[in-house]
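Peer 1:
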Amino acid sequence: MANSTRAEKAGLPPGSLVHVGKLKKHIPKIYLIDYNKDKIEEKVVKNVEECFPFRKTSTVTWINIDGIHNSKIIGDLGKEFGFHPLLLEDIMNTEQRPKMDDFEDHIFITLKLLMYNNRHITTEKISIIIGTNFVISFQEHEGDIFDPIIKRIRENRGKTRKMGPDYLAYSLLDAVVDHYFVVLERLGEKIEDLEEESITNPHPETIRALHQLKREMISLRRYIWPLRDVISGILRSGSKLIKKTTLIYLRDVYDHTVQVMDSIETFRDILSGMMDVYLSNISNKMNEIMKVLTIIGTIFFPLTLVTGIYGMNFDVMPELRWKYGYFIVLGFMALVAGFMLYYFRKRNWI
Amino acid sequence: MANSTRAEKAGLPPGSLVHVGKLKKHIPKIYLIDYNKDKIEEKVVKNVEECFPFRKTSTVTWINIDGIHNSKIIGDLGKEFGFHPLLLEDIMNTEQRPKMDDFEDHIFITLKLLMYNNRHITTEKISIIIGTNFVISFQEHEGDIFDPIIKRIRENRGKTRKMGPDYLAYSLLDAVVDHYFVVLERLGEKIEDLEEESITNPHPETIRALHQLKREMISLRRYIWPLRDVISGILRSGSKLIKKTTLIYLRDVYDHTVQVMDSIETFRDILSGMMDVYLSNISNKMNEIMKVLTIIGTIFFPLTLVTGIYGMNFDVMPELRWKYGYFIVLGFMALVAGFMLYYFRKRNWI
Amino acid sequence: MANSTRAEKAGLPPGSLVHVGKLKKHIPKIYLIDYNKDKIEEKVVKNVEECFPFRKTSTVTWINIDGIHNSKIIGDLGKEFGFHPLLLEDIMNTEQRPKMDDFEDHIFITLKLLMYNNRHITTEKISIIIGTNFVISFQEHEGDIFDPIIKRIRENRGKTRKMGPDYLAYSLLDAVVDHYFVVLERLGEKIEDLEEESITNPHPETIRALHQLKREMISLRRYIWPLRDVISGILRSGSKLIKKTTLIYLRDVYDHTVQVMDSIETFRDILSGMMDVYLSNISNKMNEIMKVLTIIGTIFFPLTLVTGIYGMNFDVMPELRWKYGYFIVLGFMALVAGFMLYYFRKRNWI
Amino acid sequence: MANSTRAEKAGLPPGSLVHVGKLKKHIPKIYLIDYNKDKIEEKVVKNVEECFPFRKTSTVTWINIDGIHNSKIIGDLGKEFGFHPLLLEDIMNTEQRPKMDDFEDHIFITLKLLMYNNRHITTEKISIIIGTNFVISFQEHEGDIFDPIIKRIRENRGKTRKMGPDYLAYSLLDAVVDHYFVVLERLGEKIEDLEEESITNPHPETIRALHQLKREMISLRRYIWPLRDVISGILRSGSKLIKKTTLIYLRDVYDHTVQVMDSIETFRDILSGMMDVYLSNISNKMNEIMKVLTIIGTIFFPLTLVTGIYGMNFDVMPELRWKYGYFIVLGFMALVAGFMLYYFRKRNWI
Amino acid sequence: MANSTRAEKAGLPPGSLVHVGKLKKHIPKIYLIDYNKDKIEEKVVKNVEECFPFRKTSTVTWINIDGIHNSKIIGDLGKEFGFHPLLLEDIMNTEQRPKMDDFEDHIFITLKLLMYNNRHITTEKISIIIGTNFVISFQEHEGDIFDPIIKRIRENRGKTRKMGPDYLAYSLLDAVVDHYFVVLERLGEKIEDLEEESITNPHPETIRALHQLKREMISLRRYIWPLRDVISGILRSGSKLIKKTTLIYLRDVYDHTVQVMDSIETFRDILSGMMDVYLSNISNKMNEIMKVLTIIGTIFFPLTLVTGIYGMNFDVMPELRWKYGYFIVLGFMALVAGFMLYYFRKRNWI
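Chains as they are written, first to last, in the working numbering: chain A, 357 to 706; chain B, 357 to 706; chain C, 357 to 706; chain D, 357 to 706; chain E, 357 to 706.
1) Return helix, strand or coil for residue 456 of chain A, following the three-state DSSP convention.
2) Going along chain A, which residues have a C-beta under 7 Å from residue 665 of chain B?
3) Tell me, please, whether the CB atom of residue 656 of chain A is closer than 7 Å to any CB atom in chain B?
4) Cβ atoms of residue 648 of chain B and residue 660 of chain C: under 7 Å apart, would you say?
5) Give me the Cα-Cα distance between residue 656 of chain C and residue 675 of chain A, rounded to the nearest whole angstrom.
6) Just the chain B side, please: which residues come within less than 8 Å of residue 647 of chain C by C-beta, in chain order?
7) Could you give the DSSP three-state label for residue 562 of chain C: helix, strand or coil?
8) Run through DSSP, which three-state label would residue 603 of chain D get?
9) Would you kindly report the start and end of the unbroken alpha helix (DSSP H) that includes residue 536 of chain E?
10) Suppose the cutoff is 6 Å on Cβ atoms and the five residues either side in sequence are ignored; what does the same chain contact list for residue 449 of chain A look like?
11) Quick test of your reading: residue 490 of chain A and residue 521 of chain A, contact by CB under 8 Å. State the CB separation rounded to the nearest angstrom.
12) Do you know whose CA, among D:456, D:433, D:364, lies nearest residue 607 of chain E's CA?
13) One question on the structure: do residue 663 of chain B and residue 696 of chain C come within less than 7 Å of each other, judged by their Cβ atoms?
14) Below 9 Å on C-beta distance, what does residue 639 of chain C contact in chain B?
15) In chain order, what are the residue ranges of uninterrupted alpha helix (DSSP H) at least 4 long that sit wholly in the segment 611-685 of chain B?
16) Check the Cβ-Cβ distances between residue 669 of chain B and every residue of chain A, and say whether any is below 7 Å.
17) State the Cα-Cα distance for the pair residue 592 of chain E and residue 598 of chain E, rounded to the nearest angstrom.
18) Could you tell me whether the Cβ of residue 615 of chain B comes closer than 7 Å to any Cβ of chain A?
19) Could you pull out every unbroken beta strand (DSSP E) segment of at least 3 residues lying fully inside the segment 397-450 of chain B, listed in chain order?
20) Taking beta-carbon pairs under 7 Å, can you tell me which members of the segment 431-454 of chain D lie near chain E?
21) Are the beta-carbon atoms belonging to residue 610 of chain C and residue 587 of chain C less than 7 Å from one another?
22) Are residue 485 of chain B and residue 477 of chain B close, meaning C-beta to C-beta below 7 Å?
23) Looking at the structure shown, is residue 480 of chain C part of a helix, part of a strand, or coil, going by DSSP?
24) Rounded to a whole number of angstroms, what is the C-alpha to C-alpha distance between residue 468 of chain B and residue 528 of chain B?
25) Of the choices A:412, A:677, A:641, A:565, whose alpha-carbon is the least far from that of residue 630 of chain B?
26) So, using beta-carbon positions, are residue 425 of chain A and residue 533 of chain A closer together than 7 Å?
27) Decide if residue 357 of chain A is buried, meaning its Cβ has at least 16 other Cβ atoms within 10 Å, or exposed.
28) Is residue 499 of chain E helix, strand or coil by DSSP?
29) Helix, strand or coil, according to DSSP, for residue 515 of chain A in the structure here?
30) By the 9 Å beta-carbon criterion, what residues does the segment 507-522 of chain A contribute toward chain E?
31) Taking 7 Å as the cut-off, decide whether the C-beta atoms of residue 740 of chain C and residue 433 of chain C are in contact.
32) In its own chain, which residues sit with a C-beta less than 7 Å from the C-beta of residue 524 of chain B, not counting the 5 before and 5 after it?
33) If you run the structure through DSSP and keep just helix, strand and coil, what is residue 575 of chain E?
34) For the beta strand (DSSP E) containing residue 466 of chain E, list its first residue and its last residue.
35) Please classify residue 420 of chain D as buried or exposed, where buried requires at least 16 neighbouring CB atoms within 10 angstroms.
36) Can you list the residues of chain A that residue 413 of chain B reaches, using a CB-CB cut of under 9 Å?
Next up, the structure:
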């Protein structure tokens, strides 16, 4: 079976629940955690319907779903919580760019999680819905990125248990953005390796690696630029769902996003500079080669001419009869070669 | 007969109904569909006048006209519906850039449909007029792009039958924008092919293909950048013709347009990078060739000099008399060549 | 007599009526047309004073002056109509960039007319003053650009006779902007020719033509970018002189200006791309030449060495005594050459 | 004594009166002119204190000080007029970028005067303080740039005598900005010379001149971009010190500044284009040289091989015995050379 | 022990006090100065608790802490003064970009101090907290940058003693920004050296130095661009903590920041230009080398051919028998060489 792409959706009615992205087969894992200051309940559920009763309680309910390719689960959830069909469509579309939609009684956020595996960046789509007393999060794969948050809730460390769903959603966002720094650090190391290489020992592979890195930067930008608008959108939305005490934390995430963007732009500038350095190094190498050729030619052409002259068969060639003619000519040739070398040395060619 | 261009209109009074674009001769096909929640009427009409009675009914009337080169039809329609002459002029001008005009009792939208045929992008001008109880759409050619929508209306699937003309207009816009993803996907494949080629086997044809792709990107930008303003213009217009429930759908189309723009910018960045890779590959090839030439020269010049020396005709040349002189010289030459090869290998030139 | 330049005005008091531009000597032609719905009066006047009586009538009075180098005419007109000295200064300064000034009881607009003659763009300064019941227009040279408008007024075609001076001014603006499309079309053809040339047969002349076109694009931008601000300035001014029915027409001119700017940006992008193609084609040609040189060298160097060896004069050189030595050597040389050619063919060098 | 630079001020308390710039020793010249519609008084004063009595009169008092390196004069003046220490600091700092500060009862403006001497641009710092009935201007050196204004006041030409200090300040600004056009014209000529040179006869000096011009453009930008903000700052300040009738004149200066900026951007674009032309011309020259080398090699290598063959010393070489062998071979060589030349001509290499 | 990086914080709860940056071990030095117009008290304290009593007095209390790697001190201080955990986290994170946060009863500012040591730029993180009657500043290392301010307070010079904590904070900001000018001046000198070098004597080291400088510019931008927003943020915050008399001083710092940014952009432009000059110089050098090779080849190839011809062994070669044949040929060869040289001189190749 092939992957489904965005283009295949052309012609379908709006709000069609079709998974766009690499085909996946695993059964989505649904994890539920329900807590307030005093008590906590955790369970892994089979059917999404098991989560619905928690909706009525005043506690904070967090439903985390690992897998967005099952339109049944997404559809059922949407019906129960009254989500707009377009929101559900966005959850299932892995090619959707980061965005934020304020539906008054819930806020929908979608963004990209970046990971660095085997010297390559992989991305995963994360969606978060914030309601009055619930947070629902969607991940493409099973992952451990939210584990530290679960642990903090379970052990009642940090402020999460004392705060509402907006603080939980902030924690999720913060976890995703924190991962960007990990990826950036790896990329920074890769760039430094390549920079060393392109200065000291440039070879055709270098340019490919540079191009590859540039492409990765282009993708990164594509994921992170809209994220800034997403978070500033939440900050400016004035939604009742986000409490004032949480806003300062969201502003912190916003600052981190801007810092990530800064780093990406810096990396891009450095990569452009490295391309220049690489190309000028190639030019220099070419110059070196040309110089060698020119020096060789310039030394041997006159010498060869001399041997040619005394290889001619004229009847009358007085020098040929001289007793030391041969040695004189050899000496003369050595002299010429010596002078050439001296001249090149003086012009700094050797 | 030649095509008419925008320049030929210079000097004509404003609002002149002149078709700008490739000459076309087919008779425009007028298709009418009139529906509400309960009933539906479809017909293909000969004269545009046959559509006018439907204007008075409270049902939604959609008139789709395939062909914008007939000033008679456009003019009659304009008179009946009271459209501004400049609006009619814009419908007939295929070089008009995407725009949106709010005439209080109707909204005029014009945009470009992109299609990908035979590895080339073709464009078609689409115009949509939204009124209180009608939608009129204009296509340059007969096409099947709106067929899925007609089918959904006919079979009463989706929400179209329950909603007003604004939702219908949205569906048309959505269909056009969805087609952009199809085109982008093809372009993405083409770019990847070319990228492979420009890294592994660059040849002069590659640069032409790159240039061709770049030009296509430039045109795409030209069609899609203004489209964003068109849709955000509708969103912000506050027109009574667009109901609040439809706005969320239009915002979705807006998001798609932004995503298309993102992809185009990404493609442009990648293409620039490929140009660099291509050029540096050509430089590398040149270096390779120069190296071969230099190595050849450096090895053969000294050897030829040696043969030249012993080809001289001096009376006194002791070596020539030696019994093994010839073999010694041959050996010496082999030694020189061997040392050269060793030296080049050491300098990593071979 | 030399031309006067902007720099020569440094030191003069503000509002000095000095013509800036190429020296001209022709006597300015003053053409007057006075009309309303019912009647029309046309005449060519000698002295600008003859126009003044028409000022008091309620009809629309259009004074068109071909020639802006006569400070007497401009000054008299300014005194009669109460124009600000800086306005008059701007009329006479051909280097003034497009601008718009709202003096409450009249609006001053100045812009550039572009024409395409002998494969070169020429520009002409146009100024338009809109009053309550008059329009005064200034052209640098005698020209026929406004003739279609005069004809339409005379024959009472179009809407001009029924509308006020604002519509007349719009018609003038529209005529000027329409001419831009003519120029763009010629440039577009020139670019396509050059594109063909730079791909199939690049030569040093190509780069000069490219550079020339780029310069023309730079000038075009300079004239047209400010024009957009001029027209949007009129649209937003809220002046009583511009009626609401005329605004929609001005918005149309605004759209055209944006479209012209779009085209210029597209052309600029294409020209940059062509420069890349040209340069990479030159590199490819160089590669071709280097390849030929290297192949020639690589084939002939070993052969020449062989002849050199058997041209040596050693007493003992057994091969020289062989009966078929000469033919064996010739055969060996042919073999070497053949192998070389085969090798180059295999490496795709030939 | 060395020049003092901006960096040396680090560590000093804010508002320290330290001259930043090239060391100067001349005694500042203080020139005073006091006028209204009816009377005028001019004098050159020794001590700045002599100017203070004029402060109380209702006439317009203009104090022009040539020399800003004397902290005593600046300090005394500041104390008398109640200027802020930071304002005085800015006057003495020649590296201060153009700025405008509105201190309610006086406006402080600082900008750069550009002059073109000996094919190089020199700059001078100008500061202007506008008060209710005075204008104080500061120049770095003695100069004649304000002479025409003094003359106009003295001879009561123009409007200056009838207007207030704001109009005088405008006249000073206008004089400075008018000088920019002089500089731009010189630069334009220099660019055209260089353009001609880089197309017809590019040599290494060209690139240096190009680089030098580019640097000058970069500095110009630095001086003129902030000036636009300065003037628009005055326009928007709504200060009571600037009368409404003067605003239209300031708007004119603003337009001129924008035009200067336009020219600089145009020049920058042209210079970039020239760099491309220059580089491609160098590439073309290289191609020419390579072609010559290749043609020479290709013609002489085979001929030399032929002579090598018949220079071999084999016992049996039948051709050597032929009567016309020598002439046949010479003819054959001529034939080969002729064919080569014909082939190159056909491939358009010669 | 390794340094801790930003990435290692991923997974920690928000507000965790973890030092991000190079590992440091020195014991933070806490310096306290408490003053008003009349009295002053200075001391170096061991424990941060010793500072707390001063908090209650109405005098201005300045606590300067050299060292931000000790979470105990930062934490205690935060608890006493009621600082937000995120604020404390930002103080300890040396990779935090410059930012400003307004917490109503205190303002938090963080920025970078630049220093120039051993031809390299080093950075240090500075944080400043402004309260109603206190200023707390944090430095990464022990440094003397604030010494002139301490001295001015001690000796009651300048205005600091008479003003509040806002003026003190301004003095600290001013000291940091003033240091930027020192760094810029050093960079300017370095650029000028390199410019000279890249024009007169470009070698591969030049490109590395250029690249290095470019990278430093990129980092500088990263530190200084956000600083502008920081200071304009304070200016626009309308906080009661900043008195109106201090605003004018802050505006001065803002102007300096803009001037620093200007210089950086100028340097970047100059560096780009130098890269072009460098590359074109390399091309020119290559041209020179190719010319020499071509000239050598063109002169010696024909001469060698002549010697080859008369080295052939044909029985019948009349010229060989001529008495002066040898000398005629030598003369002919000299002639050919002379003509070649003359031709090259004429084509301006030599």
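The beta carbon of each residue, even a glycine, is placed where N, CA and C say it ideally should be.
Peer 2: To lay it out plainly:
1) The residue labelled residue 456 of chain A in the question sits at position 100 within the first sequence. Residue 456 of chain A: strand per DSSP, three-state reduction.
2) As a working note, residue 665 of chain B is residue 309 in the second sequence. By Cβ distance, chain A contributes 663.
3) The sequence position of residue 656 of chain A within the first sequence is 300, counting from 1. Judged by the 7 Å Cβ criterion, residue 656 of chain A is in contact with chain B.
4) The sequence position of residue 660 of chain C within the third sequence is 304, counting from 1. The sequence position of residue 648 of chain B within the second sequence is 292, counting from 1. Taking 7 Å as the Cβ cut-off, residue 660 of chain C and residue 648 of chain B do not qualify as a contacting pair.
5) Along the third sequence, one-based indexing puts residue 656 of chain C at 300. Along the first sequence, one-based indexing puts residue 675 of chain A at 319. Using only the alpha carbons, I get a separation of about 31 Å.
6) Position 291 of the third sequence, counting from 1, holds the residue named residue 647 of chain C. Going along chain B in sequence order, the residues near residue 647 of chain C (Cβ under 8 Å) are 645.
7) Your numbering for residue 562 of chain C matches position 206 in the third sequence. Note: residue 562 of chain C maps to helix in three-state DSSP.
8) Here residue 603 of chain D corresponds to residue number 247 of the fourth sequence, with the count starting at 1. If DSSP states are grouped into helix, strand and coil, residue 603 of chain D belongs with the helices.
9) For the purposes of this step, residue 536 of chain E is taken as the residue at position 180 of the fifth sequence. Counting along the chain, the alpha helix (DSSP H) containing residue 536 of chain E begins and ends at 521-556.
10) Taking the first residue of the first sequence as position 1, residue 449 of chain A is located at position 93. If we look at residue 449 of chain A and ignore the five residues flanking it on each side, its Cβ neighbours are 376.
11) The residue labelled residue 490 of chain A in the question sits at position 134 within the first sequence. The residue labelled residue 521 of chain A in the question sits at position 165 within the first sequence. Confirmed, Cβ separation roughly 6 Å.
12) What you label residue 607 of chain E is simply residue 251 of the fifth sequence in a count that begins at 1. Selected option, being the one with the closest Cα: D:456.
13) Residue mapping note: residue 663 of chain B aligns to position 307 of the second sequence, counting from 1. Residue mapping note: residue 696 of chain C aligns to position 340 of the third sequence, counting from 1. No.
14) Residue 639 of chain C sits at position 283 when you count from the first residue of the third sequence. Correct list: 635, 638, 639, 642.
15) 674-677
16) One-based indexing of the second sequence puts residue 669 of chain B at position 313. Yes, contact with chain A.
17) Taking the fifth sequence and counting its residues from 1, the one referred to as residue 592 of chain E is at position 236. Taking the fifth sequence and counting its residues from 1, the one referred to as residue 598 of chain E is at position 242. Their backbone Cα atoms lie some 10 Å apart in a straight line.
18) Locating residue 615 of chain B in the second sequence gives position 259, where the first residue counts as 1. Taking Cβ atoms only, chain A reaches closer than 7 Å to residue 615 of chain B, which makes this a yes.
19) 416-422
20) 440, 442, 453
21) As a working note, residue 610 of chain C is residue 254 in the third sequence. As a working note, residue 587 of chain C is residue 231 in the third sequence. Going by C-beta atoms, residue 610 of chain C is nearer than 7 Å to residue 587 of chain C.
22) Locating residue 485 of chain B in the second sequence gives position 129, counting from the first residue. Locating residue 477 of chain B in the second sequence gives position 121, counting from the first residue. No, the pair does not count as a contact, with Cβ atoms beyond the cut-off.
23) Taking the first residue of the third sequence as 1, we reach residue 480 of chain C at position 124. Strand at residue 480 of chain C.
24) For the purposes of this step, residue 468 of chain B is identified with residue 112 of the second sequence, where counting begins at 1. For the purposes of this step, residue 528 of chain B is identified with residue 172 of the second sequence, where counting begins at 1. Near 12 Å, if we compare the C-alpha coordinates of residue 528 of chain B and residue 468 of chain B.
25) Taking the second sequence and counting its residues from 1, the one referred to as residue 630 of chain B is at position 274. It is A:565 whose Cα lies nearest to the Cα of residue 630 of chain B.
26) Reading the first sequence from its first residue, position 69 is the one you call residue 425 of chain A. Reading the first sequence from its first residue, position 177 is the one you call residue 533 of chain A. No, the pair does not count as a contact, with Cβ atoms beyond the cut-off.
27) Locating residue 357 of chain A in the first sequence gives position 1, counting from the first residue. Its pLDDT being 38, under 50, residue 357 of chain A is placed unreliably by the model, and the measurement read from it follows with that caveat. Flag for residue 357 of chain A reads exposed.
28) Counting from 1 along the fifth sequence, the entry for residue 499 of chain E is found at position 143. Of the three classes helix, strand and coil, the one that applies to residue 499 of chain E here is coil, per DSSP.
29) Counted from its first residue, the first sequence places residue 515 of chain A at position 159. Coil.
30) 508, 513, 514, 515, 516
31) Because chain C spans 357 through 706 in this model, residue 740 of chain C falls outside it and cannot be assessed.
32) Position 168 of the second sequence, counted from the first residue, corresponds to residue 524 of chain B. 416, 418, 491, 516, listed in sequence order.
33) Indexing the fifth sequence from 1 puts residue 575 of chain E at position 219. Helix at residue 575 of chain E.
34) Counted from its first residue, the fifth sequence places residue 466 of chain E at position 110. Looking at the DSSP string, the run of the beta strand (DSSP E) that includes residue 466 of chain E is 463-473.
35) Locating residue 420 of chain D in the fourth sequence gives position 64, counting from the first residue. Looking at its Cβ environment, which holds 16 or more other Cβ atoms inside 10 Å, residue 420 of chain D is buried.
36) Looking up residue 413 of chain B in the second sequence gives position 57. Chain A residues near residue 413 of chain B: none, gap ~25 Å exceeds 9 Å.
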